[in-house]
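With the numbering used here applied, the sequence shown corresponds to residues 153 to 256, in that order.
Note that the Cβ used here is the ideal one computed from N, Cα and C, for glycine as well.
Please read these numbers as outputs of a predicted model, since none were measured by experiment.
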Amino acid sequence: MKQNFWRMTVLAIGALMASSTLTQAQQNCAARETVIERLASAYGETRQSIGLAQNNTMVEVFASTNTGTWTIAITNAAGLTCLVASGQAFERLAETLPTPAEDA
153 MKQNFWRMTV LAIGALMASS TLTQAQQNCA ARETVIERLA SAYGETRQSI GLAQNNTMVE
213 VFASTNTGTW TIAITNAAGL TCLVASGQAF ERLAETLPTP AEDA
């Protein structure tokens with residue numbers, strides 16, 4: 153499914169940025185509970201997907217289906233969550249993989 157491809161792409165990007173983001177972007181980091189509450193109260197965003205990246209880092213995509221805003225956050229094992237990307241026009245997709253004959 154393209155949705156799974158999208159999730160894996162987002163998780164791969166998050167994993168690549170995780171190491172540097174957790175140490176260099178402290179101004180965009182806070183305790184996980186604080187970040188989740190802020191995303192919910194200020195933007196109406198809830199968690200849409202989750203995955204594990206390198207070093208047991210959790211990558212999450214939060215989004216609002218009402219406003220279309222989205223945020224990608226990473227959380228380390230100590231519970232420090234950092235925002236790594238955000239934007240607009242979030243869409244929930246339910247696409248299927250093409251059959252092998254369609255790949256040619």
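Limits of the beta strand (DSSP E) - the one that residue i falls within
i    : result
E247 : Neither: E247 is in no beta strand (DSSP E) and is coded neither H nor E.
A183 : C181 to A183
F214 : M210 to A215
T233 : L232 to G239
T198 : T198 to L204
T275 : Residue 275 falls outside the range modelled here, since the chain spans only 153 to 256, and no answer is possible.
Distance between beta carbons of residue j and residue i, contact taken as under 8 Å
i    : j    : result
I224 : A205 : Incorrect: roughly 11 Å between the Cβ atoms, too far for contact.
Neighbourhood of residue i by C-beta distance below 6 Å, restricted to the same chain and skipping five residues each side
i    : result
S238 : T223
A215 : E197, Q200, W222 and F242
Chain-order list of residues whose beta-carbon lies under 7 Å from that of residue i (same chain, five-residue window excluded)
i    : result
A182 : T233
(message) Could you check whether the segment 196-205 touches the segment 229-236, counting it as contact only if at least three pairs of C-beta atoms, one from each stretch, sit closer than 8 Å?
(response) no
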